[in-house]
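In our numbering, the protein residues as written are 14 to 292. Scroll down for the structure; my scribbles are underneath it.
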């Protein structure tokens with residue numbers, strides 16, 4: 014694979030994996046405008062592995078703490094606030110796994126590359142994110158949260174029901190153009206979580222999903238009869254996506270602590286409109 018192709022595709026993956034803007038919508042442009050061929054399953058695995066490493070590294074301290082307390086809770090059969098976060102992540106992951114197993118083949122063979130589906134999903138779910146952000150900023154909507162005075166500043170106040178709802182929203186991300194991070198942020202904001210808490214849970218929730226999808230793609234590779242690995246391209250792809258994903262996570266969390274989601278909503282609507290106009 015040419016280095017320019019590796020650079021562009023890895024950059025897009027690293028940039029869009031954790032932003033609420035839809036990676037599938039952006040990946041249309043390299044193939045349609047520049048005639049890039051499909052990068053192949055092995056390259057998908059590499060760049061997803063890069064983004065997985067980025068989010069794991071960024072939240073390493075949290076993950077160690079959550080994992081330790083969750084295992085302890087299972088052994089001692091007691092629940093602590095930190096262990097509760099671990100169980101919330103597990104609960105939130107289940108719907109997407111089920112949706113992936115049931116509908117992945119159907120989606121991949123019917124609407125995966127349907128530009129109109131991707132464009133309308135980009136616009137529609139972008140507007141839904143805008144509505145969630147707008148309602149979340151109102152005092153009335155904030156009071157929906159269980160503890161009004163401590164409105165999910167940390168995830169220790171997240172309930173299992175809220176985690177399940179966010180997980181159900183995440184399952185919708187199987188539709189191309191939805192954006193996994195965007196739809197989970199939307200759910201969190203609708204539930205009254207603060208932007209920072211909603212984003213943090215979205216990132217933590219991405220870890221088992223990206224891991225599961227990566228393992229699923231590796232299984233596809235294992236079943237393939239003939240494969241030719243371009244190790245340099247795979248290593249470069251993983252490294253580039255890792256670097257950009259790490260930067261995006263840090264900057265995105267800093268940005269939303271000061272600003273809302275308006276810029277992403279506007280961008281998604283414009284992006285969807287451009288897709289419909291061009292293709």
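Note that CB positions come from ideal geometry on N, CA and C, so glycine has one too.
- Distance from the CA atom of residue 125 to the CA atom of residue 148, rounded to whole angstroms, is 31 Å.
- Proximity of the segment 93–112 to the segment 173–191 meets the contact definition, three or more beta-carbon pairs being nearer than 8 Å.
- Contact between the segment 17–33 and the segment 62–73 is established, with three or more Cβ pairs separated by less than 8 Å.
- The residue among 35, 279 and 77 with its C-alpha nearest the C-alpha of residue 130 is 35.
- Contact between residue 33 and residue 192 is confirmed by a C-beta separation of about 5 Å, below the 8 Å threshold.
- In this structure, 116 is the residue among 93, 116, 230 and 251 with its C-alpha nearest to the C-alpha of residue 184.
- In this structure, the CA atom of residue 37 is about 6 Å from the CA atom of residue 190.
- When C-alpha distances from residue 44 are compared across 61, 22 and 58, the shortest belongs to 22.
- In this structure, the CA atom of residue 141 is about 26 Å from the CA atom of residue 260.
- Annotated three-state conformation of residue 14 is coil, per DSSP.
- DSSP, reduced to helix, strand and coil, places residue 249 within a helical segment of the structure shown.
- Shown here, residue 149 sits in a helix according to DSSP, grouped into three states.
- Counting only runs of at least 4 residues, the segment 159–239 fully encloses the following alpha helix (DSSP H) elements, listed from N- to C-terminal order: 173–184, 193–203 and 208–236.
- In this structure residue 19 is not in contact with residue 234, their Cβ atoms being roughly 18 Å apart against a cut-off of 8 Å.
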